[in-house]
Every structure is written in structure tokens, then in C-alpha cells.
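Numbering (our numbering), first residue to last: 2 to 420.
Glycine included, each C-beta is placed from N, C-alpha and C at the ideal position.
What follows is a short report on a single structure.
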Ligand code: EPZ
């Protein structure tokens, strides 16, 4: 087992390079199944969820060569219903296998997916999409099984904005007869990235990034070479770490537009945020003001930055509030942050933080409960004085590429040690 040991209170200074987006890499790597050909995917982050996805695809028959952040994958011999359930159950991204298998083979059988525990994470909207295209879906018991004589394009109106359901409907409809129209679709950058990848392979997906996406069925896809977009949540996490430690950091290899809501909230807190073409400079040498934030689907403030915001508000002065409007319960991390002396109260969907400018907070032993909760604990450990230890760090390494090396290069005193 490994843990992170941080000696906090040091301002972060310098430059950090952002890696490829986890939540774009997963659907794109699974999306190569639709091509049945050889694809080269570049800027793939070196994270546990990618390792897991590639291991699953290899066991399904894909031939994979991985060199640093480039993955060559040939999915000609991939077979449906062959994903190993013991791996599939470890992450939510496995649900995309259903859409890809159904889209290419008119048949899918995938074990229940896993991922961070935020309360119920149903897939009713995914199923709604598959059934609208003409598939019969059996989601009782351990497996989701979907089959169809043929898939025919239809209008699909999602009852709520769902990234996964939008992605799965795109994957399943690429070869469907006619035109599929997704209404109330998710607008996240990683949905756009998947659409751009599929179009590079010969698909016809129009409107990704808006709430209405049209997919005109095509006969076949070919392989392509495609580079994944930078990870906006990794970037936001480093922006918040710079702010919490009153540092000055240049975050390279980002698409500033994707970070608009994150940059706006930092500016509201009194942080200087300068946008360059493909970089952002965060200068937080002054005091931080407390603010309120509500999570929303993109382009709103991302739920995947909610725990990091709660940690940051502990170093502001005044009462701040984070309201989680996307998930039922994403507050399991709060108990851990409280061990530093932080004054955080959760009531219903809102965490209220009595920010003290970090006064009186001290390092503490914490257990990472999920990916972004763990990231919040890292921010806390970097900003409080004293020693913080964080266990269960595999949850953090699911989505953060090289976090110890990147933070060390920014002047943090952070080590990963076995125990
Ligand atoms: C994706 O999860 C991301 N995961 C999550 O990131 C992210 O938090 C989420 O999108 C929202 O942006 C990946 O991309 C692998 P949703 P997903 O479907 O697709 C409810 C991270 O930290 N819902 O948009 O599962 C659902 O319960 C992870 O990188 C239904 O009710 O999220 C939730 O309350 C954590 N029925 C809300 O919608 C459905 O059929 C949004 O979920 C589907 C979803």
C-alpha cells in the first residue's frame, strides 16, 4: 500500500503541464471498438482508469501497443460480451462498453460498472437511449444485456442532463439507420472530443457541445489518429492548489474556454487569473474572499471541482457555501477535511465553510474516499502547516497523472511512500 506524505504551508510556484482528459480518454478508447480497425490515440493520460480500460479491451480481443502517452489499438478481433466483470466493476466508464458493443455488434453484455460512490448512479437514461434505437435491454441482476435486430435513428429526449447517457447514445447510434437526435444532451468538452474522434473515423455527429446532437448513421468507420483534449478538472485542481497556498503557477496545455467557470470563481475570490492561448496563470499572493457556488452540468461549475472548492474555501476569510446539485451525496470527503480543524458543516445538498484564512488548521491523517475528494485532501495538505498523510491514494491515481512529480516541481514537499 502507498500513502502520500505532505509537509504543508509552502506556496506553489512554477509551471505545470496538464495531461490528457480522463473523461475524454475513456469514451474515446472504448469508442475505437466501433471502428474494428487500427487507431492511434495521442495525449492519453497515464492514470489507473486508462490502465484498466486498456486491460479490459485487451481481454476482449483488442491488440494494444502503448508508448508513453500514445496508444495504438486495433479492435478488429474484439468480441461483444467478453469484458471481464471483475475489472468492469471498478469504474463507471465501463458503461460505455454497452453503447460500443451494441453499436457495432447489435449485441452487448457488460457487468455492472463501479466508480466513485456518490449515492445512486442509475443508468435509466442510458437504457432509454438504447431502447429508443430499437434495442431490448435487460438490466436486472448483475449484467446489462442489450440486443437488436437493427438500430434505427430516433429523437431521444433525456429526462436529465447525463454525460454518460449522452456518450452511450452517440456510441450506439453511429451505425443506426437514418438520423438520431439527442435532446437535452450533455455539453461537456469530453462529449465534443468523442464526437470529433468519431467524425475523424468517418462518423457523422453534428452539434456536440450543444444540448441537441444529431448523429446520421454511416455504414462503417475507419481507423484514425487522434489527440485527446487537456483535462479541465486536473487543470482546475492545480489552479485551486495554487490559490490555497497563495502561490503563483502557470498551468500549461489547457483550453482556457473549458475553465471559464473555474476561473470566474477564482476571480470572485480575489485571485488574479490570466488567460493565454493554451495556458492560464494563477496568482494568489493576496487574501481570499469566501464565495458561494452551485454545481451544474457544463458550462456551469463542475461537480468534479466541488470537493476542491470546499478545501479552498477553508483558506478564504468568511462563510462560503458549496451546493451539490448534480449528485445525491458527494460529501463523504468532508469528515476527512474536518480532521485539520476545518469548520465545515453539511446540511442537505450544501456544505457551509467558515473560512479562517487557514488560521489554526493543521496537517492530519486522512483517507481518500474517492477521486476528487482525495484531490481536495491533497489541496488541504499542501495549504495547512504541518504533516498530512493520505491513504487509499489509488483513488487519486485513478485520475491524476504523475501528481507527486508535478507538485514537487511546483515546490511542494510531497512524497509517496509504501507502508
Ligand atoms: C461522468 O459521470 C463523469 N465520469 C463524472 O466524473 C462526472 O462527475 C459526471 O460525468 C458529471 O460531469 C466519467 O466521465 C467517467 P452523469 P456520469 O450521467 O456519466 C444521474 C470524475 O470525478 N443519472 O452526467 O456517470 C446521476 O446519478 C467522475 O472524473 C441518472 O439519474 O455522470 C447523477 O446524479 C466522477 N440516470 C447525474 O445524473 C442516468 O441514466 C449526472 O450523472 C444517468 C445519470
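Does the beta-carbon of residue i, which I'm using as the reference point, lie nearer than 8 Å to any heavy atom of the ligand EPZ?
i           : result
residue 215 : no
residue 52  : no
residue 148 : no
residue 309 : no
residue 161 : yes
residue 413 : no
residue 333 : no
residue 46  : no
residue 189 : yes
residue 327 : yes
residue 419 : no
residue 121 : yes
residue 139 : no
residue 92  : yes
residue 177 : no
residue 62  : no
residue 165 : yes
residue 27  : yes
Would residue i and residue j be called neighbours here (beta carbons separated by less than 9 Å)?
i           : j           : result
residue 168 : residue 97  : yes
residue 290 : residue 275 : no
residue 218 : residue 179 : yes
residue 334 : residue 370 : yes
residue 165 : residue 93  : yes
residue 272 : residue 244 : yes
residue 48  : residue 58  : no
residue 489 : residue 341 : Given a span of 2 to 420 for the chain in the structure shown, any question on residue 489 remains unanswerable.
residue 34  : residue 89  : no
residue 323 : residue 311 : yes
residue 134 : residue 161 : no
residue 181 : residue 154 : yes
residue 95  : residue 36  : no
Ends of the alpha helix (DSSP H) at residue i?
i           : result
residue 98  : 97 to 106
residue 369 : No alpha helix (DSSP H) holds residue 369; DSSP gives it neither H nor E.
residue 340 : That residue, residue 340, is in no alpha helix (DSSP H); it is neither H nor E in DSSP.
residue 409 : 404 to 410
residue 31  : 23 to 32
residue 48  : Looking at the DSSP string, residue 48 is not in any alpha helix (DSSP H), and its letter there is neither H nor E.
residue 269 : 261 to 269
residue 125 : 125 to 133
residue 352 : Here residue 352 belongs to no alpha helix (DSSP H); instead the beta strand (DSSP E) covers 351 to 357.
Shorter than 8 Å, the distance from the beta carbon of residue i to the closest heavy atom of the ligand FMN, or not?
i           : result
residue 238 : What this structure holds is the ligand EPZ, not the ligand FMN.
Does residue i have its Cβ less than 9 Å from a Cβ in chain B?
i           : result
residue 359 : The structure shown contains no chain B; it is built from a single protein chain.
Tell me the residue span of the beta strand (DSSP E) that contains residue i.
i           : result
residue 232 : Careful: residue 232 lies outside any beta strand (DSSP E) and carries neither H nor E.
residue 137 : 137 to 139
residue 196 : Note, residue 196: premise wrong, no beta strand (DSSP E); alpha helix (DSSP H) at 190 to 201.
residue 319 : 318 to 324
residue 292 : From DSSP, residue 292 is part of no beta strand (DSSP E); its letter is neither H nor E.
Would DSSP call residue i helix, strand or coil?
i           : result
residue 145 : strand
residue 13  : coil
residue 4   : strand
residue 93  : helix
residue 241 : helix
residue 75  : strand
residue 68  : strand
residue 151 : coil
residue 272 : coil
residue 297 : coil
residue 178 : strand
Q: Flag this pair as touching only if the segment 181 to 200 and the segment 140 to 148 have three or more C-beta atom pairs under 8 Å; answer yes or no.
A: Taking 8 Å as the limit for Cβ pairs, the verdict is that the segment 140 to 148 does not touch the segment 181 to 200.
Q. Do three or more CB pairs link the segment 35 to 48 to the segment 211 to 229 at distances below 8 Å?
A. yes
Q: Decide yes or no for the touch test of the segment 367 to 383 against the segment 205 to 221: beta carbon pairs closer than 8 Å, at least 3 of them.
A: no
Q: Please determine if the segment 16 to 30 and the segment 231 to 245 are in contact, where contact requires at least 3 C-beta pairs separated by less than 8 Å.
A: The answer is yes - the segment 231 to 245 touches the segment 16 to 30, with three or more Cβ pairs under 8 Å.
Q.
Under 8 Å, with one C-beta from each stretch per pair, do the segment 351 to 369 and the segment 389 to 406 reach the 3-pair mark?
A. In short, these stretches touch, since the Cβ pair count reaches three.
Q. If you pair each beta-carbon of the segment 278 to 293 with each one of the segment 312 to 330, do three or more pairs fall below 8 Å?
A. yes
Q: Would you check if there are 3 or more beta carbon pairs closer than 8 Å linking the segment 294 to 309 to the segment 257 to 267?
A: With a cut-off of 8 Å, the segment 257 to 267 and the segment 294 to 309 count as touching, because enough Cβ pairs lie within range.
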